[in-house]
Structures are given as structure tokens and as C-alpha cells.
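Q: Residue numbers (the numbering used here), protein chains in the order written: chain D, 1 to 473; chain G, 474 to 946.
Pasting a structure below so you can have a look.
Protein chains: 2
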Amino acid sequence: MSVFSFARRSGVVPAATLVMAAAAQPAAADPVHAFTLDNGLEVVVIEDHRAPAVVHMLWYRVGAADEPPGLSGIAHFLEHLMFKGTDTRAPGEFSAVVESVGGRDNAFTGWDFTAYHQRVAADYLGLMMELEADRMANLAFTEAEWLPERDVILEERGQVVEGRPGSLFNEQIRATLFQNHPYGVPIIGWRHEMEGLSGADAMAFHAAHYGPNNAVLIVAGDVRPEAVRALAEEHYGAVPANPAVAPRQRPQEPPHLAERRIKMTDPRVAQPYVLRQYLAPARRAGDQAEAAALTVLAEILGGTRTTSVLGRKLTFAKPPAETPVALSASAWYMPVALDDTSFALAVVPAEDVGLAEAEAALDAALAEFLADGIDPEQFARVQTRIRAAEIYSRDRSESRARSKGMALTSGLTLADVDGWTEALMAVTPEAVMAAAATVLDRQRAVTGWLQGPEAAPRRGPAAVEQPMTEVSQ
Amino acid sequence: MSVFSFARRSGVVPAATLVMAAAAQPAAADPVHAFTLDNGLEVVVIEDHRAPAVVHMLWYRVGAADEPPGLSGIAHFLEHLMFKGTDTRAPGEFSAVVESVGGRDNAFTGWDFTAYHQRVAADYLGLMMELEADRMANLAFTEAEWLPERDVILEERGQVVEGRPGSLFNEQIRATLFQNHPYGVPIIGWRHEMEGLSGADAMAFHAAHYGPNNAVLIVAGDVRPEAVRALAEEHYGAVPANPAVAPRQRPQEPPHLAERRIKMTDPRVAQPYVLRQYLAPARRAGDQAEAAALTVLAEILGGTRTTSVLGRKLTFAKPPAETPVALSASAWYMPVALDDTSFALAVVPAEDVGLAEAEAALDAALAEFLADGIDPEQFARVQTRIRAAEIYSRDRSESRARSKGMALTSGLTLADVDGWTEALMAVTPEAVMAAAATVLDRQRAVTGWLQGPEAAPRRGPAAVEQPMTEVSQ
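In C-alpha cells:
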């Protein structure tokens, strides 16, 4: 089964969810303990004794952007093959064991990480570690096993990318935005390269990147740190550090000197739209201020329809016009990434409004915003929403485990994770405007039009396909 | 000193040169001999006894498109460092020796090859081989030598790329055209990556790619094949094959699904222009028909102003208009490349004509051409021009050596080189129109506008910067 996960719009949860959050009366954050085993494995324990369950996540500091050229998709292919077998365990045994103890498991691959997770009753934590350490050290599969799995990932690409014009469009946008960095290559891989991937390629990728010294273990739930340490030492401690692991170095972007545009026509497009992606800085260790400002900017520009800048300016009629320019306008930003990331804006034009007109209206709205600055009332409301969302996310231990794992494999530290809410609250309107002035530069952006065949009637409304940040098993 | 070499427009020499060619009454091609040494070195000997000189060229089957990600420019940096020293020769000794015998030497790097050549009196051929084999096997340099050379290549980038908006524009066009293939990375390198190149990187690249089994030796001039073989066996035969040499495999392009556009503004631009590059097939071993048709197409579309399709349609006034749309219109195509290459069109608008209007006129002219087909008289004229240019180029042994070296390091065989004129002559108008219909697809193209600051007076005329295909030492 294939599931995609999307970047949440502007990094906050929908308003409807916020009501639930308030009702839940979130507790103060549970204690977090961190330590490192002798073989280099970093361990983070998040205590949460409200239920007798535990989430066990192993995050590797390797993802699609670490793939060798020409082998796109190998990180995700390996993630699939990790469910085959080991020297002593049969193919499929991993998931069968998890299921037999009433647990559930999954895995996902991003540009910067590959993660495996299980949720089980707390008693089975040691068993999960035993299984996970085994496939870290002793992965084994035959051609009879890897060859059909390649068809599985190809089928997955067919369904979740090629079957969706919006996904193909996002691929083309990124391939155009990134001139040098492998963020321009899709996580799932280019089909023509996936077709040539082999079990040996996956094994070589495993040998180069998998090992305790390139992984972060996150355990969240009804556990005590000292017990987790003892279990981790027993199971993971036996795996030696992998001397092949090298520092992560990806090609970085050269200066962007030219505004770029793409136009994609696909007969399946029911509702055309304009999507723009700007190159934007990510959260950096010890330096999250600009990323925080961009997170607030995304919410201010594209948060809710009735309160956001683009929502107000584009989705309501502006006299003398009797109808609005757009059905919707949105903004999103992915702040957690090892290298420079993107800040995106999208406009879905109203019926009878062309893409050129919608784009012009978007640019006029941005120019007005850059000239007028931020409405203080709106700024205060956005800060409240962001704070509530952050508090809400802290209340779910699985969500906390996830955000810590992602951060620690994307160049951040636990201190950065802890300081993120504070960084968001410290954002001033001036910082937002400064970040907007820097990042909203069309010379460092791609503007894309996705459209159906000429003169085809719009069958919309259809949602804008938001960028995928990971592929799940 | 730094010299750039440009792709010749549509692969033929200017008309003025053709007159000289006719006057020279070209001889039939001199005999060519080819053999391979036991260590894998391919040797091609082109006899030409008209002057007692010899051209000695060593071509490696490695270029900028074979560089590891993040180390752009390393192939060219190594080419510079090859002039330092060896285990037994001092830095600069190579060129000093060549000069002392009255010869001249140079080197150049392309995406697909790196080549070193000297022209000397025929008596010194053995000496050239001795020197070249020495640096193939025993290259050596210190940090005191490589560190300043890095400043030299950075300075070279400053002069020939950053100092010329047209060069920067070409870089941005290619970075946008190629979504996956390293042809999108400049031969000279991205500055931010060049700044980090080290002598160790260059030595590792040398160790991975340089060796007799990855090289082609071309000797042209007043020599006998048996004498060349004896000298080659004496000097190059002593160098063992390099077991590190691996088959060349570069990431290939995914399907291009979206038309792309870029707009670059640079205050130094005196004359704006429109440049479009389409992804296009290159000459392939045993299959040169489509490349031949594209070569003819480039000449038909953009050959001389008075006879070419774009020249006629765009640079002469079309009643009722009193002035033409464009000052010039050109087309070029680079048929020799290991992987898919590009077909380019450019239009320099007339004074008071905007880039949008110029581009629209270009597209209208192309649409007319695709609808109307080829004028038979023009087709005959173009074939005559191409034949004359090919015959002319065959008359210069250095040019023949060069074209053979480039072909043999770009996936072609001597048979392909020999068959190229025939392939060009076999092109039919139907084949040209079929190639045009396939390649002139905006979904597989980038259209770029290069312009000066808004409202700046045009200081033109200035020539369109044609794509660089190599960087010389």
C-alpha cells in the first residue's frame, strides 16, 4: 500500500483541529532524555505514561538527496527491501512479528532521511530493537525478492506521481528550481532510472550509509530512559560502527540569475492553477530566526481564506469587479531540510479567469503587501494560531518523536527543536517583512502554470497538489 | 591565457571561407590508419606529407559531464595541473620543452573529453609522446603549485563567464534545459564549487580516468603509420592499463513535460535577444541520420541572412511593415556529444521591437516553415554549402585530427566519421521536416530572454553569445 504525506500548509494545522487542541488541555511537555552509545547511535527518549504503548523509530541520516547520480529512487527502494529478510530472518518476518504482537509498522523516505517505525505495547520494545538492529547489520535478500519489489516501486510511481498531473507538475517545478542540488530529483526516482535499479545497488547504498553511527533512535511512550538505554545497549550496542559512513555533502545551488517559468499541459487537469516556488533558507542549527519568519510569512500570506493576505485580496470580489479573481490562494514553506528549501505560493483562478490574470493578481497582491506591511491585528492572530498548533503537536508523543527524528537527521539539534516555538514567538513584523523582501525574489523562483487542454471546460474545483516531502512504504 | 571556442553556426564555415576552399582545390583525403596497443590505447594516424610538421593529440574519454557531483570544474582544473610536473620533470617543463623545439601546445576540456595537443616538427614526435606518457602515468604537483592554479581557473571563470552576460545566460539556459544530465553544469564549473577544489580532488580524478585504456592518440602530419606505431609502443606502451577506469554512465534526462522559460536582466546587456534551446539527439554510432537532418535543418533555418528561412522571414521588412522585426536570426546545433544535446535558435530584435514581439515572430516563422516545407532550390544550395564545408575541413589535417578525436571520445567510431559527409548528403527534405517536427517541441525546450535594465537605451548591435563547447587552457 502506498501513502503520501504532504507538507502541511504553512506548517500549522487547520483551524478545525485547533478547537480540538484547546479542548484537550495539553499538558506540559514530557521529559526528554538523550544519550549516545559507544558505536555512535544517538538515542532520544520521550516519556509519556498516559498509555502503555511505545513508538520505536529508527531514523537514518540518509535520503534521496544522498543518492549517487543516475540511481534516483535507490534510497526508497532500499527502504522497501528492508522488509525482506536478514541472514537469520525470512522475508516478511519483520512485519509479521510486529503484527503478531498487535503492533503496526511503517517506513518512509525523504530527501534527507529514511525512517522505520513501529508502535507496539511497551513490553515489546526490546523485540522491536532486536528486529531493527538485525536488519541494520544483516540485511539479506535474493534476486527473487528484489526484482518483484522493483515493480512495486514502479507501480507506486505510476499511481502517486504519473497518475496525478499535479505531482508531475511538482516534479517539473523542482527540476527547474534546483539547478545543481539533488533536491531537484524526485524522492521516488525518475522512472527511467528506477527501471535499472538492482538489489546490488540497494545493498551498496545500505553498506555505504546504514549503521549505528549514521542513525538516530527515537523511543516515545510508556518507558523509562534507563530501561531504554539498557535495551539499546543490548540490541543496537552489538552492531559495530560502519566505517564507510562519510560526511554528507551535496552539491549546492549556484547564484540564480534568471527568473524561470514552466507551462505544463495535461488532458487530465480539471482545474488549472499557478504555482510559484522560491528558493528559501531552511532552519539551521543555532540559527532559526529567518526560517521562523518565513513560517509566519506563509501563515500570513496563505493561512485561512478570511484572514490571510492572499485569501482576502484574491478570493473576495474587489469592486468594481463583481466576482473574485481566485477560488483559493495558498502559501507553504518546508522549514526542516538539510539544505536550502522552497517557499511556495499557489493561486487557483475563478471560473473565466485565465492563469495570466491570476498570476498578475498574485503579483499585485504581493507588491501591495510588501509596500503596506503587516496588519498588527492579523499578526497577533497568526501568532496565536501558531502557538496553539505548536502546543497541540507537542501533546502527541508520536508527533514529537517524528519532529525530533526529522530535525536530527536534517542538520538540527535537540536544542533547535526545543527552541523552535520560542523562535516562532520571537518573530516580529519587521523580521517577516525582511524575510519576505529577501525570499520573494522572482530571480530565485520558478512560476508554473498547470493547465488542461485549450478550451476544455473546467471540471473543478480541484485542490492544488502540495509538494510531497516523503514517500511512505 | 584563456581562449574559448564556440560551436560553429550550424556546423559549416562562413561563406567567405568557402571561396578560399574552392580556390584551394582540396585533395582527396589522405590515408588514415588505426590500431590499438596492448594496454588499450587507441591510435589514429592521419598521413599528410605536405609539410614536415606533425600534430600530436592525446584525447581522454573523460570530461566535465563525468565529474563527481559537487566537484564541477575538476576536469578542467586537472587539465591545467597537467602542465605542472611529474615525478621526474619540473613544473612548466612540458611547455618549455615544446617551445624549445619551436612547437606550440595547448589543451582543452569539453563535457565529453579532455585533450592535449602539440604541433611540432615531425622529428620531435617521439619527444612529445615521451612527455605526454610521462604525465599520463606520473603526474605530480605540490600544494604550492595547485593552490595558485585554482586562482587561475577562478580568474578564467571571471573573465569568460561572469564578465559576459551572454555566457552567464547560456549557463542559466542549460541549467534549466537539463533536468538530470550533467550537461546542465558548466564545463568550467560553478564558482562556489571551484573555490573548494583541491589538488587531491584533481589527483583522484586523474587516478580514476587517465590511462592508456581511456585515451585516443591522434597523430596527423608528415609521418608513416609504422613509425608512429613503433614510437607509440616505445613511449605509451610502457604505461599499464588503469584498472580503475569504469564505463561512462551519466544520468539521462527524464521525459520533459513542461515548456520552460527564463528571463535574465543584466545591466551590462547592450542588445537584448531571445534564445531558445531544444533538447535534441546527437550523432550516435551507426545511426547518424537524424543528426544529419538536424545539421541541415540548422543551416536551412539559420544559415546566411539572405537565404535562410529565419533570415528571410525576420530580417527583411514584411509589408505593410516598413522595418524588419529582427537584426539577425540564427540557428545552431552541436551534433557530436555522448548524450542528448541541444538545438538552438536566436533572434536579435530590431530597434523598438520588444522581445515578446521578436519571439512571436520567431514562432510564427517556425509554424509557417513547418506548414510550408522546404523550398527545393534552397535545399540544393544548402547541400552544396555543406558539402563544400566538409571538403574544406577535410583539407586541414589539424581539423581532421580534431574532429576524429572529438568523435572517438564522444561515442562515435572512425566509420561514423568517414560516413558523416555521406549521411549529410543522404538527407532528404522529408527527413529534415520530420526532424524539425520532432525536435522543435517547446515542451522539450527552454526559451530565454536576455535583457538590459528596463528602459535602458540599446547600445547594440551585439552578437548573440553562442554556447561554449569547451574551455581551453
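Even for Gly, the Cβ is constructed at its ideal location relative to N, Cα and C.
All values reported here derive from a predicted model rather than from experimental measurement.
1) Applying the 10 Å Cβ sphere with the 16-neighbour rule, what's the burial state of residue 370 of chain D?
2) Would you kindly check if the distance between the Cβ of residue 194 of chain D and the Cβ of residue 153 of chain D is under 8 Å?
3) Output, in chain order, the set of chain D residues within a Cβ distance shorter than 7 Å of residue 735 of chain G.
4) Distance, Cα to Cα, residue 31 of chain D vs residue 42 of chain D?
5) Measure the C-alpha to C-alpha separation of residue 205 of chain D and residue 74 of chain D and round it to an integer number of angstroms.
6) When you compare the CB of residue 805 of chain G with every CB in chain D, is at least one pair closer than 8 Å?
7) For residue 261 of chain D, which residues from the same chain have a beta carbon less than 6 Å from its beta carbon, with the 5 sequence-adjacent residues on both sides left out?
8) Tell me which residue opens and which closes the beta strand (DSSP E) that residue 97 of chain D is part of.
9) Can you name, in chain order, every residue of its own chain whose Cβ lies under 7 Å from the Cβ of residue 604 of chain G, other than the five neighbours on each side?
10) If you follow the beta strand (DSSP E) that residue 736 of chain G is part of, which residue opens it and which one closes it?
11) Should residue 55 of chain D be counted as a contact of the ligand GTP given a C-beta to heavy atom distance under 7 Å?
12) Ignoring anything shorter than 4 residues or poking outside the stretch 54-80 of chain D, list the alpha helix (DSSP H) runs there in chain order.
13) Could you run through the stretch 132-166 of chain D and flag, in chain order, every residue whose CB is less than 7 Å away from some CB of chain G?
14) Quick one: Cα of residue 809 of chain G to Cα of residue 660 of chain G, how far?
15) Can you find the residues in the same chain that come closer than 7 Å, C-beta to C-beta, to residue 89 of chain D, ignoring five residues on each side of it along the sequence?
16) According to a CB-to-CB cut-off of less than 7 Å, which residues of the stretch 60-91 of chain D neighbour chain G?
17) Flag this pair as yes or no: are the beta carbons of residue 278 of chain D and residue 441 of chain D separated by less than 8 Å?
18) Can you give the beta carbon distance from residue 905 of chain G to residue 691 of chain G, rounded, assuming they're within the 8 Å contact cut?
19) Answer yes or no: does any C-beta atom of chain D fall closer than 8 Å to that of residue 668 of chain G?
20) Going by the CB atoms, is the gap between residue 107 of chain D and residue 136 of chain D shorter than 8 Å?
21) According to a CB-to-CB cut-off of less than 8 Å, which residues of the stretch 176-188 of chain D neighbour chain G?
22) In the DSSP assignment, find the unbroken alpha helix (DSSP H) run with residue 451 of chain D in it and report its ends.
23) Give the single residue among D/109, D/289, D/178 whose Cα lies nearest to the Cα of residue 189 of chain D.
24) Any beta carbon of chain G sitting closer than 8 Å to that of residue 271 of chain D?
25) Between G/589, G/848, G/525, G/719, which lies nearest to residue 968 of chain G when the distance is taken from Cα to Cα?
26) Just the C-alpha distance for residue 907 of chain G and residue 732 of chain G, rounded to the nearest angstrom, thanks.
27) Note down, in chain order, every chain D residue with its Cβ under 9 Å from the Cβ of residue 757 of chain G.
28) When you compare only the Cα positions, how much space is there between residue 208 of chain D and residue 245 of chain D?
29) For residue 111 of chain D, decide whether its Cβ has a neighbour in chain G, counting only Cβ atoms nearer than 8 Å.
30) Would you decide whether residue 934 of chain G is buried or exposed? Buried here means 16 or more other CB atoms lie within 10 Å of its CB.
31) Flag this pair as yes or no: are the beta carbons of residue 464 of chain G and residue 533 of chain G separated by less than 8 Å?
32) If you compare alpha carbons, which of G/768, G/758, G/652 is closest to residue 817 of chain G?
33) By alpha-carbon positions, which one of G/670, G/572, G/786 ends up nearest to residue 616 of chain G?
34) Rounded to whole angstroms, what is the Cα-Cα separation between residue 835 of chain G and residue 729 of chain G?
35) Using the Cα positions of residue 538 of chain G and residue 172 of chain D, report the straight-line distance between them to the nearest angstrom.
36) Nearest by alpha-carbon distance to residue 284 of chain D: which of D/184, D/232, D/224, D/410 is it?
A: By the coordinates alone:
1) As a working mapping, residue 370 of chain D is identified with position 370 in the first sequence. Flag for residue 370 of chain D reads exposed.
2) Reading the first sequence from its first residue, position 153 is the one you call residue 153 of chain D. Reading the first sequence from its first residue, position 194 is the one you call residue 194 of chain D. Contact flag set, yes.
3) In the second sequence, the residue the question calls residue 735 of chain G occupies position 262. Going along chain D in sequence order, the residues near residue 735 of chain G (Cβ under 7 Å) are 258, 259, 260.
4) Numbered from its first residue, the first sequence carries residue 31 of chain D at position 31. Numbered from its first residue, the first sequence carries residue 42 of chain D at position 42. Cα to Cα, residue 31 of chain D sits roughly 17 Å from residue 42 of chain D.
5) The sequence position of residue 205 of chain D within the first sequence is 205, counting from 1. The sequence position of residue 74 of chain D within the first sequence is 74, counting from 1. Distance between the alpha carbons of residue 205 of chain D and residue 74 of chain D: 7 Å.
6) Taking the first residue of the second sequence as position 1, residue 805 of chain G is located at position 332. No - not a single Cβ of chain D is within 8 Å of the one on residue 805 of chain G.
7) Residue numbering aside, residue 261 of chain D sits at position 261 when the first sequence is read from its first letter. Closer than 6 Å at the Cβ level, and outside the excluded window around residue 261 of chain D, lie 447.
8) In the first sequence, residue 97 of chain D corresponds to position 97, counting from 1. In the DSSP annotation of this structure, residue 97 of chain D is not part of any beta strand (DSSP E); the continuous alpha helix (DSSP H) holding it starts and ends at 93-100.
9) To locate residue 604 of chain G, count along the second sequence from 1; it is residue 131. Correct list, in chain order: 567, 570.
10) For the purposes of this step, residue 736 of chain G is taken as residue 263 along the second sequence, with counting starting at 1. Per DSSP, residue 736 of chain G belongs to the beta strand (DSSP E) from 731-738.
11) By its list of ligands, the structure shown contains no ligand whatsoever, and the ligand GTP lies outside what it can speak to.
12) Here no run is fully enclosed.
13) Taking 7 Å as the cut-off between beta carbons, none of the residues of the stretch 132-166 of chain D comes near chain G.
14) The residue you call residue 809 of chain G lines up with position 336 of the second sequence. The residue you call residue 660 of chain G lines up with position 187 of the second sequence. Rounded to the nearest angstrom, the two C-alpha atoms are 16 Å apart.
15) Residue mapping note: residue 89 of chain D aligns to position 89 of the first sequence, counting from 1. Excluding positions up to five away in sequence, the list reads 134.
16) 69, 70
17) Working through the first sequence from its first residue, we reach residue 278 of chain D at position 278. Working through the first sequence from its first residue, we reach residue 441 of chain D at position 441. Closer than 8 Å, so yes.
18) Here residue 905 of chain G refers to the residue found at position 432 of the second sequence. Here residue 691 of chain G refers to the residue found at position 218 of the second sequence. So it is not a contact: roughly 32 Å between Cβ atoms.
19) Taking the first residue of the second sequence as position 1, residue 668 of chain G is located at position 195. It does not: the Cβ of residue 668 of chain G has no partner Cβ on chain D nearer than 8 Å.
20) The residue given as residue 136 of chain D occupies position 136 in the first sequence. The residue given as residue 107 of chain D occupies position 107 in the first sequence. Not in contact: residue 136 of chain D and residue 107 of chain D (Cβ atoms no closer than 8 Å).
21) 176, 179, 180, 182, 184, 185
22) Within the first sequence, the letter at position 451 stands for residue 451 of chain D. Unbroken run through residue 451 of chain D is the beta strand (DSSP E), 445-451; no alpha helix (DSSP H).
23) As a first step, residue 189 of chain D must be located in the first sequence, where it is residue number 189. Cα-wise, what sits closest to residue 189 of chain D is D/109.
24) Indexing the first sequence from 1 puts residue 271 of chain D at position 271. Taking Cβ atoms only, chain G never reaches closer than 8 Å to residue 271 of chain D, which makes this a no.
25) A query on residue 968 of chain G cannot be resolved here, the shown segment of chain G reaching from 474 to 946 and no further.
26) Here residue 907 of chain G refers to the residue found at position 434 when the second sequence is read from its first residue. Here residue 732 of chain G refers to the residue found at position 259 when the second sequence is read from its first residue. Straight-line Cα distance between these residues: approximately 21 Å.
27) Your numbering for residue 757 of chain G matches position 284 in the second sequence. Contact of residue 757 of chain G with chain D by beta-carbon distance below 9 Å is absent, the smallest such distance being about 17 Å.
28) For the purposes of this step, residue 208 of chain D is identified with residue 208 of the first sequence, where counting begins at 1. For the purposes of this step, residue 245 of chain D is identified with residue 245 of the first sequence, where counting begins at 1. Between residue 208 of chain D and residue 245 of chain D, the C-alpha separation is close to 6 Å.
29) On the first sequence, residue 111 of chain D is found 111 positions in, with the first residue counted as 1. No, its Cβ sits nowhere closer than 8 Å to a Cβ of chain G.
30) Here residue 934 of chain G refers to the residue found at position 461 when the second sequence is read from its first residue. For residue 934 of chain G, the predicted model reports a pLDDT of 49, less than 50, meaning its position is unreliable and no value from the coordinates is stated.
31) Any property of residue 464 of chain G remains undetermined from this structure, which presents chain G solely from 474 to 946.
32) Along the second sequence, one-based indexing puts residue 817 of chain G at 344. Closest by alpha carbon: G/768.
33) One-based indexing of the second sequence puts residue 616 of chain G at position 143. Per the Cα distances, G/670.
34) Reading the second sequence from its first residue, position 362 is the one you call residue 835 of chain G. Reading the second sequence from its first residue, position 256 is the one you call residue 729 of chain G. Across the structure, residue 835 of chain G and residue 729 of chain G are spaced so that their CA atoms are roughly 22 Å apart.
35) Residue mapping note: residue 538 of chain G aligns to position 65 of the second sequence, counting from 1. Residue mapping note: residue 172 of chain D aligns to position 172 of the first sequence, counting from 1. About 22 Å.
36) Locating residue 284 of chain D in the first sequence gives position 284, counting from the first residue. When only C-alpha atoms are compared, the closest one is D/410.
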